[in-house]
DNA sequence: CAGTGGTCTAGACCACATC
DNA sequence: ATGTGGTCTAGACCACTGA
């Protein structure tokens with residue numbers, strides 16, 4: 432009964448071949464994307480949403496459960512459903528795949544900001560971030576240490592169209608996590624990264640920063656990071672010494 | 432009512448703090464592991480399982496849905512629920528993360544078996560596969576080509592305790608997919624792999640097989656593969672030319 | 001205490017497979 | 001025609017949270 436009601440009343444769900452819970456999920460994702468509920472904030476309860484969409488609680492629940500399994504929202508029994516945030520209880524370094532051979536994550540302690548600049552994106556970056564040729568952006572160079580030895584150098588590019596003034600702001604604050612900065616400053620939540628790993632020899636400057644011989648192979652990780660909604664936000668090159676460090680990955 | 436019934440009757444579920452659907456899931460996983468239903472075979476319907484466990488269909492459904500989301504079983508509307516198999520509709524190369532820079536997967540066409548031998552596992556392998564020191568096994572060396580150029584050399588170790596006669600059988604058949612072979616020959620379904628990626632210089636023999644200079648950096652992927660139940664089954668080293676090839680990974 | 005998500009039940013109708 | 005999984009409903013009780 433309710434089913435036909437839901438299809439004929441003035442709620443935002445259109446009649447379609449898609450299951451209702453999928454339509455609800457898409458609509459809720461859209462509402463999160465457009466900032467109706469900001470990261471860290473609470474969503475209406477299942478009961479309220481069910482009333483709003485004129486569906487049963489179980490149908491709304493299935494929509495929210497899928498969003499939770501994708502990490503978009505976090506559910507806490509007795510409290511409510513929250514938009515996930517790199518701030519809150521969500522792990523900030525979940526995208527880092529570099530580990531020392533003894534098993535520790537190469538984390539953000541001992542990160543040094545080398546310098547920043549505003550520059551035009553080269554062809555490679557334009558292709559990765561889907562930018563118009565010659566688009567401008569901020570470039571940040573950083574150095575990370577592990578056990579008091581230089582471990583990796585990072586080059587980060589953020590397009591000016593999405594992240595204005597990023598270079599200056601980052602220089603002022605030097606945050607440990609760029610993704611936390613992106614969320615707080617521009618309301619951009621990184622949910623997915625694509626990485627391409629290669630072996631090569633370091634450039635002269637890379638070798639000097641990493642304090643290695645220029646004939647020592649290094650690991651190059653080229654990363655493109657995407658925000659909610661699938662927009663490419665950040666491009667990054669990580670060059671790492673691979674003597675006592677590796678890139679770790681689990682596939683299931 | 433049924434709830435207390437389920438806890439007091441002679442079904443395999445023990446009273447515990449765990450949700451019933453979790454207990455059902457664990458028991459079903461155990462039944463798959465012990466070979467009650469083999470890869471490719473059909474499970475009893477939700478209705479039957481619900482009757483067997485004296486629970487509602489919805490509870491059993493939730494258990495099966497979790498198994499399906501983990502890839503252990505595959506559900507087909509109108510037909511039934513099947514134990515997933517590398518044979519069936521399941522993708523055989525889902526663990527391969529090496530791509531040519533033009534985007535194609537470095538697949539199993541053009542795979543050459545170089546040689547095989549029976550040998551004792553070295554310390555590194557024993558640690559990875561959790562074997563007793565000096566345990567024996569089969570070692571297989573293979574070469575893959577891409578665009579008529581040597582692309583990567585593989586060293587594969589399979590412990591004799593789990594995979595007896597693997598060297599001779601592989602030499603006879605030279606299958607494209609080792610994991611399909613493991614499933615068909617030993618009923619071992621690989622569900623998870625752990626990979627560690629490093630950059631290094633090739634050995635003299637690797638360089639000659641790959642037809643590269645010994646000063647050209649190569650990508651080394653060290654992989655441990657686990658079967659259903661979490662037993663480490665295979666250890667593998669993949670050494671790849673990284674000129675026109677990369678290791679690709681997506682994290683979300 | 002009332003409200004939240006977490007679990008569980010028992011029904012319903014549907015599209016699809018098989019015979 | 002029958003049986004399967006896929007969707008949807010409308011209730012129930014629980015444990016946890018916070019005022």
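Protein chains in written order, with my numbering: chain U, 432 to 683; chain D, 432 to 683.
Virtual Cβ for every residue (Gly too), placed ideally from N, Cα, C.
Contact annotation for residue 622 of chain D against chain U: 683 [CB-CB distance below 7 Å, chain order]. Apart from the 5 residues on each side of it in sequence, residue 475 of chain D sits with its Cβ closer than 8 Å to the Cβ of 483 in its chain, given in chain order. When C-beta atoms of the region 536 to 552 of chain D are compared with those of the region 507 to 516 of chain D, fewer than three pairs fall below 8 Å, so the two segments do not count as touching. Selection D:570, D:618, D:657 and D:494 evaluated against residue 465 of chain D yields D:618 as nearest (Cα-Cα). Taking 7 Å as the upper bound on Cβ-Cβ separation, chain D lies near residues 623, 624, 625, 626, 627, 628, 629, 630, 631 and 632 of the region 623 to 635 of chain U. Taking every protein chain shown into account, the CB of residue 590 of chain D has 16 or more other CB atoms within 10 angstroms, so this residue is buried.
Legend: CB atoms of the region 649 to 660 of chain U lying less than 7 Å from CB atoms of chain D belong to residues 649 and 650. Annotated three-state conformation of residue 575 of chain D is strand, per DSSP.
Beta-bridge annotation (DSSP): residue 630 of chain U is paired with U:650. Between residue 567 of chain D and residue 551 of chain D, the C-beta spacing is below 8 Å. With contacts defined as CB atoms closer than 8 Å, residue 624 of chain U and residue 624 of chain D fail to qualify as a contacting pair. For residue 665 of chain U and residue 611 of chain U, the gap between their C-alpha atoms comes out near 13 Å. If you compare the alpha carbons of U:450, U:657 and U:651 with that of residue 670 of chain U, the shortest gap goes to U:651. Counting along the chain, the unbroken beta strand (DSSP E) around residue 511 of chain D starts and ends at 511 to 514. Closer than 9 Å at the C-beta level to chain U, one finds these residues of the region 494 to 518 of chain D: 500, 501 and 502. When the five nearest sequence neighbours on each side are left out, the beta carbons in the same chain lying within less than 7 Å of the beta carbon of residue 576 of chain U are those of 541 and 582, in order along the chain. In the three-state scheme derived from DSSP, where H, G and I count as helix and E and B as strand, residue 671 of chain U is classed as strand. Contact annotation for residue 677 of chain U against chain D: 627, 628 and 629 [CB-CB distance below 7 Å, chain order]. By the rule that beta-carbons nearer than 8 Å mark a contact, residue 586 of chain U does not touch chain D. The C-alpha of residue 569 of chain D lies about 30 Å from the C-alpha of residue 578 of chain D. Residue contact with chain U for residue 673 of chain D: present (Cβ-Cβ distance below 8 Å to some residue of chain U). Between residue 580 of chain D and residue 543 of chain D the beta-carbon gap is near 13 Å, outside 8 Å, which marks them as no contact. About 18 Å separates the Cβ atoms of residue 490 of chain D and residue 463 of chain D, ruling out a contact at the 8 Å cut-off.
With the rule of 3 Cβ pairs closer than 8 Å, the region 672 to 681 of chain U counts as touching the region 528 to 535 of chain U. Under the DSSP assignment, residue 612 of chain U falls in the alpha helix (DSSP H) whose first and last residues are 609 to 617.
For residue 639 of chain U, there is no enclosing beta strand (DSSP E); the residue is found in the alpha helix (DSSP H) stretching over 635 to 641. Short of 8 Å from the beta carbon of residue 594 of chain U, and not among the five residues preceding or following it, lie these beta carbons of its own chain, in chain order: 568, 569, 613, 616, 617, 619 and 664. Not one beta carbon of chain U lies nearer than 8 Å to the beta carbon of residue 572 of chain D.
If you check the CB distance, residue 648 of chain D and residue 631 of chain D come in under 8 Å. As DSSP reads the structure, residue 605 of chain U sits in no beta bridge. The beta carbon of residue 571 of chain U sits closer than 6 Å to the beta carbons of 547, 587 and 601 from its chain, once the five residues preceding and following it are set aside; these are given in chain order.
Nearest in C-alpha terms to residue 460 of chain D, of all of D:478, D:532 and D:502, is D:502. Apart from the 5 residues on each side of it in sequence, residue 657 of chain U sits with its Cβ closer than 8 Å to the Cβ of 621, 622, 623, 624, 625, 663 and 664 in its chain, given in chain order.
In this structure, residue 452 of chain U sits near residue 493 of chain U, with a CB-CB distance shorter than 8 Å.
Membership of residue 584 of chain U in the beta strand (DSSP E) is indicated by the continuous run 580 to 590.
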